Amino acid sequence: MKKNQIWMGFEIQTSTGPILQPTRIVSWKNQQFKNTKPESPFHYKADALAGLSLIHLSQNLKNPFASPSVDYPFANQCWLALEPHNELYVRSQSRIQAIKKYYKNSNASVMTNFENSFNEVLAQSVTSNGIEFSELTSLVSTIDIFEKKMSQLLLYNFEVQFSRQTTQNLLHLHSLLFNLRALVAMDYNAYVQDPTFEAVKVDSISDYLPKCEYVTNDAILYHKFCKLADQMPDAVANELRKTFVNYSHNATCLIDSLPAGFLKSIGADDFDDTLYLAQMDWLLGTDAGLLFRVREELYGLLEGYEKIFWFDLEGREFQPAHSLSVNCLLTVQDLGTKAA
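Quick note: my numbering has the sequence shown finishing at residue 896, numbered continuously throughout.
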């Protein structure tokens with residue numbers, strides 16, 4: 557294989573359901589590369605990004621989901637250039653640090669213990685010729701235990717900070733899982749008769765945090781209530797607080813999670829925009845938000861995508877299971893203006 561090229565080939569094995577449910581990924585053997593020709597990646601590069609993420613998560617393997625003599629520096633250049641989630645993560649860091657400065661790192665040992673457990677499960681799920689999702693989905697309980705020990709939900713948690721290596725593994729893992737779901741969606745949409753009404757969609761924000769604008773409006777109301785709660789009888793304040801939690805859970809969680817000092821620093825005219833942006837920054841730029849997204853994708857693998865992301869598909873006729881084959885060649889030209 558020439559320098560600055562990478563040819564990836566693997567099979568996504570599935571089980572039956574209203575929409576296919578991936579069970580494992582199996583890399584091509586060398587002979588399969590010899591008996592076929594590479595193809596260009598899809599328009600949105602979901603196939604390429606899934607393969608690149610697999611390469612990064614399994615660099616210790618002899619057959620790392622790509623043709624022999626992998627150009628690892630080029631694979632890293634490709635992933636950095638093509639993965640928008642990584643770019644969004646990097647771009648949000650300055651704003652997130654403005655919130656993080658109000659925290660004290662009081663759960664360092666809990667985070668370290670989670671990192672050890674996370675990396676152990678990840679290592680067990682990556683085999684000599686692929687990745688087993690039955691092993692990987694055990695991360696759900698690992699994340700749940702971590703959340704319980706933190707005594708705070710992952711939702712709108714700005715305090716979590718993992719080591720650079722663990723964060724990088726999470727970024728690659730989310731890239732794999734998100735683009736894996738995109739490939740399943742593309743396969744499903746290829747067979748629908750009316751794409752306008754029947755096609756399933758993949759969205760980087762609403763798949764995880766629906767109706768953020770409504771959450772912002774409810775959060776403003778809850779914040780005003782918090783300012784006035786001390787002036788109310790305790791029974792009335794407690795009842796109203798319970799009502800907010802029951803009917804506007806995400807909004808109350810957002811205000812309760814943000815540091816009081818940060819909330820006080822926001823100007824009145826900027827309050828709604830700042831609360832909306834804080835949701836985006838948490839989801840796309842914090843380690844807790846990254847872990848939250850990974851857990852949602854794992855729930856999809858565990859329970860079925862139709863129960864987590866595509867509710868309209870529940871109760872639909874099951875599709876027969878079949879493998880999805882990925883065969884794509886990435887070159888410098890695929891990176892566009894970012895190749896330099």
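Even for Gly, the Cβ is constructed at its ideal location relative to N, Cα and C.
Please read all numbers here as calculations on a predicted model, not as lab measurements.
* Top-ranked residue by Cα proximity to ASN725, from ASP790, ASN632, SER697 and VAL758 -> Distance from the Cα of ASN725 is smallest, within the candidate group ASP790, ASN632, SER697 and VAL758, for ASN632.
* Cβ neighbour criterion (16 or more within 10 Å) applied to PRO578 -> By the neighbour-count criterion, in which a residue is buried when 16 or more other Cβ atoms sit within 10 angstroms of its Cβ, PRO578 is buried.
* Asked: Going by the beta-carbon positions, is the gap between PHE598 and MET742 smaller than 9 Å?
  -> The Cβ-Cβ distance between PHE598 and MET742 falls below 9 Å.
* Do ASN883 and GLY565 have their CB atoms nearer than 9 Å? -> Contact: yes.
* Asked: Cβ atoms of LEU733 and GLU853: under 9 Å apart, would you say?
  -> Result yes, Cβ atoms of GLU853 and LEU733 sit closer than 9 Å.
* Enclosing beta strand (DSSP E) for ILE568 [first to last residue] -> Judged by DSSP secondary structure, ILE568 falls within the beta strand (DSSP E) whose first and last residues are 561-571.
* To do: Please confirm whether ASN713 and SER813 have their CB atoms less than 9 Å apart.
  => Taking 9 Å as the cut-off, the beta carbon of ASN713 is found closer than this to the beta carbon of SER813.
* **Neighbourhood of ARG851 by C-beta distance below 7 Å, restricted to the same chain and skipping five residues each side** => Setting aside the 5 residues that flank it on each side, ARG851 is surrounded in the same chain by VAL696 and ILE699, each with a C-beta closer than 7 Å to its C-beta; the list follows chain order.
* Going by alpha carbons, who is nearest to MET706 out of VAL666, ASP603, SER694 and GLN721? -> Nearest of VAL666, ASP603, SER694 and GLN721 to MET706, Cα basis: VAL666.
* By the 10 Å Cβ neighbour count, where 16 or more other Cβ atoms means buried, how is SER571 classified, buried or exposed? -> Looking at its Cβ environment, which holds fewer than 16 other Cβ atoms inside 10 Å, SER571 is exposed.
* To do: Along the beta strand (DSSP E) that carries ASN962, what are the first and last residues, could you check?
  => In this structure the chain extends from 557 to 896, so residue 962 is not present and cannot be described.
* Supposed contact pair VAL758 and ASN745 - C-beta distance, whole angstroms, cut 8 Å -> Rounded to the nearest angstrom, the Cβ distance from ASN745 to VAL758 is 10 Å, too far for a contact under 8 Å.
* To do: Specify the secondary structure class of GLY579 as computed by DSSP and reduced to three states.
  => For the record, residue 579 in the displayed sequence is Thr; it is not Gly. DSSP, reduced to helix, strand and coil, places THR579 within a strand of the structure shown.
* Asked: Given a threshold of 16 other Cβ atoms within 10 Å of its Cβ, counted over all protein chains shown, does ASP603 qualify as buried or as exposed?
  -> That one is buried.
* Could you check if SER804 is buried or exposed, using at least 16 other CB atoms within 10 Å of its CB as the buried criterion? => Of the residues assessed, SER804 falls on the buried side of the cut-off, its CB having 16 or more other CB atoms within 10 angstroms.
* Roughly how many whole angstroms lie between the Cα atoms of LEU857 and ILE776? -> In a straight line, the C-alpha of LEU857 is about 35 Å away from that of ILE776.
* Asked: By the 10 Å Cβ neighbour count, where 16 or more other Cβ atoms means buried, how is TYR747 classified, buried or exposed?
  -> For TYR747, the number of other beta carbons within 10 angstroms of its own is below 16, and it is reported as exposed.
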